[in-house]
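Enquirer: The following block contains the structure, expressed as structure tokens.
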Amino acid sequence: METTKRGGIPLYLWMLLGFAAGMGGGLYVNLNGLEVLPWVMDIIQAVGQIFLRLLFMLVLPLLFAALAVGVAEMGDLKSLGRVGFKTLVFTILVSAIAVGIGLGMVNWFRPGDGVDPLLAQQLLAQGAEGASAIVGNAPKSIEAGQFFLDMIPSNVVTAAAENQILPVMVFALIFGIGMVMAKSPATDALQQTLQGLFEVMMKLINLVIKLAPIAIAALMFNLSAVFGWELLLKLGAYAGVAVGAMAIHMFIVYPLLVWIFGGMNPLKFANGVREPFVVAFSTASSNATLPIAIKAAEEKLKLPRRISRFVLTVGATANQNGTALFEGVTVLFLAQFFNIDLNLQQQLVVMLVCILGGIGTAGVPAGSLPVIALILVMVGVPAEGIGLILGVDRFLDMCRTTLNVTGDLVAATVVSRGESDAIVPDDLKLPDVAPAN
């Protein structure tokens, strides 16, 4: 994995420094009742807006390419048959459980409540212009199948132009299935083209992420200058709820799935996944952990090679329970923070987009950042609020990546039950991979 550094310092430390600098400056202004010159504040706000607009510019082509290629890489749908179906069902159901736990925790503890509505409205007004075009995209009713009808775009180009993320993602899934069904040299070339598009978008997003320390400082200065110390308390409550929800999924849901549906002792499973667990936490990258996860599945868990390699490879992009959970918690927390009441239908939309967003999110550090930013705008929450969570995102990223990788191994264990191994030619055998230090 490529680790981004500046002057020998990891990028996430620069992000923390930007977070601290922006918050410190904003708190100083807030506590001393100082007034910032209008033109200075305009520049500070513009810096944050440029960062967010760059993310919005790149996110749709990134998600389309990731989803379409992810489905196409499953190969021949007929030959995959039972294995592909079991993997798909597991991914959807367990991701739904994860997001449900996260949304339930946020609705129960409500970590974002209690902010002065007048102060929240000041910041809300600043982000309203960028969100106004798509605030009303969430379905108002699920009667007569309208909710599901709205998921199918009559014109995908129009949907993309209007930033209707859910219809575009559904089209990407259907497009990927079509590439598998129409397998030919031409579709192989098309898949390579989409893979190239994905890599280009990832490269550009990595460049944009390098601006994150400056953008975080600008966003946090603006936020803390308005909200003061109240912001710190809310941020701590948010992190506590997010980690608590992940812990429930990791230590209750996963062991039950392994025991009941995988037919394996949870203690044996936990012992077998220690190495990928540590690597995932230290790198915050599902992609970087993939070789270690495959090695653990084959050598420690003794899973069939053809099953584990397929499930883990697809899962590194598609089965990201921790990311889906984190996105749901973050969106609802910020909605509460800005006194935006999301009804049941809107929360169901958030859940669906988080599940699909987990499929399309890149398995790299901060890979969920563009998806979160877009979901915020989709439900009418000011995207500037993303600056609240970026300062603590590295730790939460490590936690959710560990949940993602463990979930992939859980999926491989469940899907492998009742499946036999296939002979793997010597030229396809996995080379030895040394654990990361």
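Numbering follows numbering that gives the first Met the number 0, with no gaps: position 427 of the sequence shown is 426.
C-beta: ideal position from N, C-alpha, C; glycine also.
In angstroms, rounded to a whole number, what distance separates the CA positions of Leu87 and Glu274?
Expert: Counted from its first residue, the sequence shown places residue 87 at position 88. Counted from its first residue, the sequence shown places residue 274 at position 275. Roughly 26 angstroms separates the two Cα atoms.
Enquirer: Exposed or buried, what is Arg308 when buried is set at 16 or more other beta-carbons lying within 10 Å of its beta-carbon?
Expert: For the purposes of this step, residue 308 is identified with residue 309 of the sequence shown, where counting begins at 1. Around the C-beta of Arg308, 16 or more other C-beta atoms lie within 10 Å, and the residue is accordingly described as buried.
Enquirer: Could you tell me whether the region 239 to 255 touches the region 324 to 337, where touching means 3 or more Cβ pairs closer than 8 angstroms?
Expert: yes
Enquirer: If the criterion is Cβ atoms closer than 9 angstroms, does the pair Gly25 and Phe220 meet it?
Expert: The residue you call residue 25 lines up with position 26 of the sequence shown. The residue you call residue 220 lines up with position 221 of the sequence shown. Yes, the pair counts as a contact, with Cβ atoms nearer than the cut-off.
Enquirer: Identify the continuous alpha helix (DSSP H) that holds Glu34 and give its terminal residues.
Expert: Your numbering for residue 34 matches position 35 in the sequence shown. Per DSSP, Glu34 belongs to no alpha helix (DSSP H) and is neither H nor E.
Enquirer: Below 8 angstroms, how does it come out for the region 299 to 308 and the region 263 to 274: are there three or more Cβ pairs, yes or no?
Expert: yes
Enquirer: Quick check: the Cα distance between Val58 and Gln346, rounded to an integer number of angstroms?
Expert: Start at 1 with the first residue of the sequence shown, and residue 58 comes out as number 59. Start at 1 with the first residue of the sequence shown, and residue 346 comes out as number 347. Their Cα atoms are separated by approximately 21 angstroms.
Enquirer: Can you give me the start and stop residues for the alpha helix (DSSP H) that Phe332 sits inside?
Expert: Within the sequence shown, the letter at position 333 stands for residue 332. Unbroken alpha helix (DSSP H) run through Phe332: Asn320 to Phe336.
Enquirer: Exposed or buried, which one is Asp112 when buried takes at least 16 other CB atoms within 10 Å?
Expert: Translated into the one-based positions of the sequence shown, residue 112 becomes position 113. Asp112 should be labelled exposed.
Enquirer: Quick check: Asn318 and Gly406, are their CB atoms within less than 9 angstroms of each other?
Expert: As a working mapping, residue 318 is identified with position 319 in the sequence shown. As a working mapping, residue 406 is identified with position 407 in the sequence shown. Cβ atoms of Asn318 and Gly406: closer than 9 angstroms.
Enquirer: Quick one: what does DSSP say Pro9 is sitting in, helix, strand or coil?
Expert: As a working note, residue 9 is residue 10 in the sequence shown. In this structure, Pro9 counts as strand in the three-state DSSP scheme.
Enquirer: Look up Met249 in the DSSP assignment and say whether it is helix, strand or coil.
Expert: Numbered from 1 along the sequence shown, position 250 holds the residue referred to as residue 249. Correct three-state label for Met249: helix.
Enquirer: How would you call Pro434, buried or exposed, if buried means at least 16 neighbouring beta carbons within 10 angstroms?
Expert: Residue numbering aside, residue 434 sits at position 435 when the sequence shown is read from its first letter. Residue placement at Pro434 is poorly supported in this model, since its pLDDT is 41, which falls under 50; the coordinates still yield a value, given next. Counting of Cβ neighbours within 10 angstroms places Pro434 among the exposed residues, the total staying below 16.
Enquirer: So, Val380 versus Val313, is the Cβ gap smaller than 9 angstroms?
Expert: Residue 380 sits at position 381 when you count from the first residue of the sequence shown. Residue 313 sits at position 314 when you count from the first residue of the sequence shown. In this structure, Val380 sits away from Val313, with a CB-CB distance that is not shorter than 9 angstroms.
Enquirer: Write down every uninterrupted run of the alpha helix (DSSP H) in the region 253 to 302 whose length is 4 residues or greater and which is fully enclosed by it, in chain order.
Expert: 253 to 259, 265 to 271, 273 to 282 and 285 to 298
Enquirer: Take Val278 as the anchor and find which of Met397, Ala19 and Ile43 has the nearest alpha-carbon.
Expert: The sequence position of residue 278 within the sequence shown is 279, counting from 1. When only C-alpha atoms are compared, the closest one is Met397.
Enquirer: Assuming Ala217 and Ile43 make a contact with CB atoms under 8 angstroms, what is their CB distance in whole Å?
Expert: Position 218 of the sequence shown, counted from the start, is the residue given in the question as residue 217. Position 44 of the sequence shown, counted from the start, is the residue given in the question as residue 43. Contact flag correct, Cβ pair sits at about 5 angstroms.
Enquirer: Pro166 and Pro152 look like a contact to me (Cβ under 8 angstroms); what is the Cβ gap, rounded to whole Å?
Expert: Within the sequence shown, numbered from 1, the residue matching residue 166 stands at position 167. Within the sequence shown, numbered from 1, the residue matching residue 152 stands at position 153. Contact between Pro166 and Pro152 holds, since their C-beta atoms are separated by about 4 angstroms, short of 8 angstroms.
Enquirer: Does any CB atom of chain B fall closer than 9 angstroms to the CB of Val93?
Expert: Among the chains in the structure shown there is no chain B, since it carries only a single protein chain.
Enquirer: To the nearest whole angstrom, what separates the beta carbons of Ala411 and Ile306, a pair I think is in contact under 8 angstroms?
Expert: The residue given as residue 411 occupies position 412 in the sequence shown. The residue given as residue 306 occupies position 307 in the sequence shown. Yes, they are in contact, since the Cβ atoms of Ala411 and Ile306 sit about 6 angstroms apart, within 8 angstroms.
Enquirer: Closest to Leu256 by CA distance: which of Leu341, Gln344, Thr400 and Val93 is it?
Expert: For the purposes of this step, residue 256 is identified with residue 257 of the sequence shown, where counting begins at 1. Among Leu341, Gln344, Thr400 and Val93, the Cα nearest to that of Leu256 belongs to Val93.
Enquirer: I need the boundaries of the alpha helix (DSSP H) containing Gln191, first residue and last residue.
Expert: Against the sequence shown, residue 191 aligns to sequence position 192. Unbroken alpha helix (DSSP H) run through Gln191: Pro184 to Ile208.
Enquirer: Taking the continuous alpha helix (DSSP H) assigned at Val156, which residues delimit it?
Expert: As a position in the sequence shown, residue 156 is number 157, starting the count at 1. Run containing Val156: Val155 to Ala160, per the alpha helix (DSSP H) assignment.
Enquirer: Apart from the five residues on each side of it in sequence, which residues of its chain come closer than 8 angstroms, Cβ to Cβ, to Phe280?
Expert: Here residue 280 corresponds to residue number 281 of the sequence shown, with the count starting at 1. The answer, listed in chain order, is Met397, Cys398, Thr400 and Thr401.
Enquirer: Am I right that Ala95 and Ile354 are in contact with their C-beta atoms under 8 angstroms? What's the rounded C-beta distance?
Expert: Translated into the one-based positions of the sequence shown, residue 95 becomes position 96. Translated into the one-based positions of the sequence shown, residue 354 becomes position 355. Yes, they are in contact, since the Cβ atoms of Ala95 and Ile354 sit about 6 angstroms apart, within 8 angstroms.
Enquirer: Can you tell me which of the three DSSP states Asn403 falls into?
Expert: Walking along the sequence shown from the start, residue 403 turns up at place 404. Three-state result, Asn403: helix.
Enquirer: CB Leu193 to CB Ala64, shorter than 9 angstroms?
Expert: For this step, residue 193 is matched to residue 194 along the sequence shown. For this step, residue 64 is matched to residue 65 along the sequence shown. It is a contact, given that the beta carbons lie within the stated cut-off.
Enquirer: Leaving out five residues before and five after Ile204 in sequence, what residues of the same chain have Cβ atoms less than 6 angstroms from its Cβ?
Expert: Residue numbering aside, residue 204 sits at position 205 when the sequence shown is read from its first letter. Scanning its chain for C-beta atoms nearer than 6 angstroms, with the 5 sequence neighbours on each side dropped, one finds around Ile204 the residues Leu57, in chain order.
Enquirer: Looking at Leu54 and Gly175, is the spacing between their C-beta atoms short of 9 angstroms?
Expert: Translated into the one-based positions of the sequence shown, residue 175 becomes position 176. Translated into the one-based positions of the sequence shown, residue 54 becomes position 55. No, the pair does not count as a contact, with Cβ atoms beyond the cut-off.
Enquirer: Under the rule that 16 or more other beta-carbon atoms within 10 Å means buried, what is Gly177, buried or exposed?
Expert: One-based indexing of the sequence shown puts residue 177 at position 178. Gly177 is exposed by the Cβ-count criterion.
Enquirer: Quick check on Ile339: does DSSP put it in helix, strand or coil?
Expert: Sequence index remark: in the sequence shown, residue 339 carries index 340 (1-based). Three-state result, Ile339: coil.
Enquirer: Please classify Ile157: is it buried, with 16 or more other beta-carbons within 10 angstroms of its beta-carbon, or exposed?
Expert: For this step, residue 157 is matched to residue 158 along the sequence shown. Sequence inspection shows Thr at residue 157; the Ile mentioned does not correspond to that position. Exposed is the call here.
Enquirer: Using the Cβ count rule (16 or more neighbours within 10 Å means buried), how would you classify Val370?
Expert: Within the sequence shown, numbered from 1, the residue matching residue 370 stands at position 371. So Val370 ends up on the buried side.
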